[in-house]
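If you read the sequence shown in the numbering used here, its first letter stands for residue 5, the second for the next number, and so on. Before any comments, here is the structure.
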Amino acid sequence: MKIENRGNNAHINPRLNRVQDAAERSESKESAQTRNASGDRVELSEAAKTLQQARTLLAASPEVRAEKVAELKSMIQRGVYNVKGREVAAKMIGRGLFDQLV
């Protein structure tokens, strides 16, 4: 009796398939490294560099300025905090216009 190899025998040895997949991934990773070593370059514009620096500084700055919050809280409790409506309105309008531009 002759047994022929018909169809996919992946169900017979799944471990073999995993080993083959790992080997293929390794080969593709090596070829990608070879392509990168062949001279591909990326150069950022000055605007991109400035933006990257701004993002780094923003990430390093604290979200809430604790000293400022404590000072304002103290002023409110003492009743000496005075809100200047015109300044608040001007800043709100200015920020709104800035947000529309960006």
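The beta carbon of each residue, even a glycine, is placed where N, CA and C say it ideally should be. Since the model is a prediction, treat every value here as computed from it, not as a measurement.
Cutoff 8 Å; reference residue i; Cβ partners in own chain excluding five residues on either side
i: Gly-98; result: none
Beta-carbon contacts of residue i that lie in its chain and below 6 Å, excluding the five residues immediately before and after
i: Leu-61; result: none
Sequence-distant residues of its chain with Cβ nearer than 7 Å to residue i (five each side left out)
i: Tyr-85; result: Leu-76, Met-79
- Message: Quick check for students: name the residue ranges of the alpha helix (DSSP H) that lie wholly in the segment 41-66, counting only runs of 4 or more.
- Response: 50-64
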